[in-house]
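Scroll down for the structure; my scribbles are underneath it.
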Amino acid sequence: DDSPQAQARASNPLPNVKHIIAVGAGKGGVGKSTVSVNLAVGLARTGAKVGLLDGDIYGPSVPTMLGLDDIKPQGSGNMIFPFQVHGIKTMTIGKLVEADKPLIWRGPMAHGAFRQLATQTEWGELDYLIIDLPPGTGDVPLTLAQLLPLTGAVVVCTPQKVAQDDARRAVKMFQQLGIHVLGVVENMSYFIGDDGKEYDIFGRGGAKRMAEQLAVPFLGMVPINMRLRENCDTGDPTANFVGDDKLAEELTHVSQKL
Ligand code: ADP
96 DDSPQAQARA SNPLPNVKHI IAVGAGKGGV GKSTVSVNLA VGLARTGAKV
146 GLLDGDIYGP SVPTMLGLDD IKPQGSGNMI FPFQVHGIKT MTIGKLVEAD
196 KPLIWRGPMA HGAFRQLATQ TEWGELDYLI IDLPPGTGDV PLTLAQLLPL
246 TGAVVVCTPQ KVAQDDARRA VKMFQQLGIH VLGVVENMSY FIGDDGKEYD
296 IFGRGGAKRM AEQLAVPFLG MVPINMRLRE NCDTGDPTAN FVGDDKLAEE
346 LTHVSQKL
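Remember, UniProt numbering sits 95 above the position in the sequence shown when you count from 1.
The following block contains the structure:
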């Protein structure tokens with residue numbers, strides 16, 4: 096077996112991490128980071144030790160979604176300590192560069208930046224490391240596949256046809272790299288209006304049908320929800336609100352299917 100994953104298994108740089116799970120998407124803006132953050136926090140709430148690596152080196156969302164604005168990164172030697180927030184450990188390029196600096200990486204630089212974030216963060220022992228990938232099928236997923244042995248990948252998709260087409264490519268990319276596809280999450284499935292009615296804005300079920308066609312598991316539907324948007328912007332992950340929030344239950348339910 097000379098697949099990228101076979102190489103990664105042979106030289107695993109993170110032997111203290113039990114399960115590494117990548118979250119990818121065909122397109123940007125479909126909710127990949129939202130799902131990554133809530134998967135991580137949802138898993139941590141079950142008692143697991145969880146890390147979240149913001150591998151979206153072009154557009155890191157984790158600083159905002161986890162409310163890292165006022166925290167400074169600290170390190171020792173050539174290792175950096177992850178931020179400990181909301182019950183998880185996390186690292187993001189967004190806290191290592193100026194906030195408004197464009198992140199322009201050539202292929203080899205993208206490779207290096209991702210590799211450093213993954214291997215020079217002091218993760219310690221983890222049950223799960225969730226990796227939020229950049230959208231699409233570029234350099235970073237390839238680097239990841241060669242570097243770290245994955246338990247699997249989750250693909251996030253909205254229901255419309257154009258999003259499905261790209262998500263299908265993402266599913267096939269993971270399979271080609273020798274990475275098991277754990278399943279597809281349909282985000283922005285539907286919207287519940289003030290009238291209590293459900294509106295299928297993007298055509299609910301499109302991503303579910305795509306998953307069925309590709310014979311990969313379907314992990315769940317997340318509705319369009321104003322609270323979820325607000326929680327992303329204020330750095331309070333929705334999965335934290337389990338017990339008093341139906342949406343939080345749904346997000347946690349997705350993490351429990353992994
Ligand atoms: P991606 O990582 O795929 O680019 P994000 O997770 O960053 O997408 O999502 C972009 C923004 O869209 C989030 O910051 C959030 O404000 C909003 N968003 C995502 N999913 C939902 C949802 N289900 N309901 C409401 N807003 C959402």
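Ideal Cβ positions, reconstructed from N, Cα and C, are used throughout, including at glycine. Predicted model, so just to flag it, every value in this text is computed and none were measured.
With DSSP run on the structure shown, which of helix, strand or coil describes residue i?
i, result
"I199", "coil"
"I274", "coil"
"K256", "helix"
"I116", "strand"
"I188", "helix"
"F297", "coil"
"V279", "strand"
"G121", "coil"
What separation, rounded to the nearest whole angstrom, lies between the Cα atoms of residue i and residue j?
i, j, result
"L237", "Q211", "15 angstroms"
"D340", "M316", "16 angstroms"
"V249", "G119", "6 angstroms"
"F209", "G124", "21 angstroms"
"V311", "V280", "11 angstroms"
"L148", "G288", "34 angstroms"
"A343", "F286", "16 angstroms"
"V132", "M160", "7 angstroms"
"P332", "L221", "20 angstroms"
"I166", "E307", "43 angstroms"
So, for residue i: in the same chain, excluding its five sequence neighbours on each side, which residues have a beta-carbon less than 6 angstroms away from its beta-carbon?
i, result
"G121", "D261, A262, R264 and A265"
"G189", "P155 and P158"
"T216", "I175, P177 and M186"
"L314", "G278, V280, V349 and K352"
Between residue i and residue j, which are expected to be in contact by the criterion C-beta below 8 angstroms, what is the C-beta distance as a whole number of angstroms?
i, j, result
"V112", "L242", "12 angstroms between Cβ atoms; not a contact."
"L228", "G150", "5 angstroms"
Keeping to the same chain, check which residues put their C-beta closer than 7 angstroms to that of residue i; ignore five residues upstream and five downstream.
i, result
"G247", "I116, I274, H275, V276 and L277"
"K191", "Residue identity differs from the one stated: residue 191 is Leu in this sequence, not Lys. Within the same chain, L191 has close Cβ partners P168."
Worksheet entry | Inside the stretch 208-272 only - alpha helix (DSSP H) runs reaching at least 4 residues | Those alpha helix (DSSP H) runs which fall completely within the stretch 208-272 and span 4+ residues are 234-242 and 256-271.
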